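Residue numbers (my numbering): -12 to 98.
Don't be surprised by glycine CBs; every beta carbon is placed ideally from N, CA and C.
Bear in mind the structure is a predicted one, so any value in this text is a computation, not a measurement.
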């Protein structure tokens, strides 16, 4: 798995794994990892978690004392709660994308 320098800096000392949760073997591996984890953090929509049997109650059954954190892009209530949300979508929706630009950059003409 290739990762960028920023990712490597922010995640030093962490282990990474790539799983396709639509594959039963990978989903089982996820359940095994979850059963031995202290914290479960997800940004997957609640409906998708329910389809995967990885909602709060199912994860709690794997590990009674686990800390379950669900980060929903548009919150857990309201009309947008079921919409997919990724970093670019949230930045565009909130206007944060404009604050990330740098107007002092040297602009070069295209030739």
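Other residues of its chain near residue i: CB distance less than 7 Å, five sequence neighbours each side excluded
i: residue 70; result: 61
i: residue 57; result: 29
i: residue 67; result: 61
Euclidean distance between Cα positions of residue i and residue j
i: residue 29; j: residue 52; result: 17 Å
i: residue 3; j: residue -9; result: 13 Å
i: residue 34; j: residue -2; result: 29 Å
i: residue -6; j: residue 0; result: 11 Å
Bridge-paired residues (DSSP) for residue i
i: residue 28; result: 56
Residue i, DSSP secondary structure in three states
i: residue 76; result: helix
i: residue 9; result: coil
Option nearest residue i by Cα separation, candidates the options
i: residue 14; options: 36, 64 and 80; result: 36
i: residue 38; options: 1, 11 and 58; result: 11
i: residue 23; options: 82, 67, 76 and 54; result: 54
i: residue 19; options: 59, 82 and 48; result: 48
Same chain, Cβ closer than 8 Å to residue i, five either side skipped, listed in chain order
i: residue 63; result: 33 and 57
i: residue 21; result: 27, 41, 46, 49, 50 and 53
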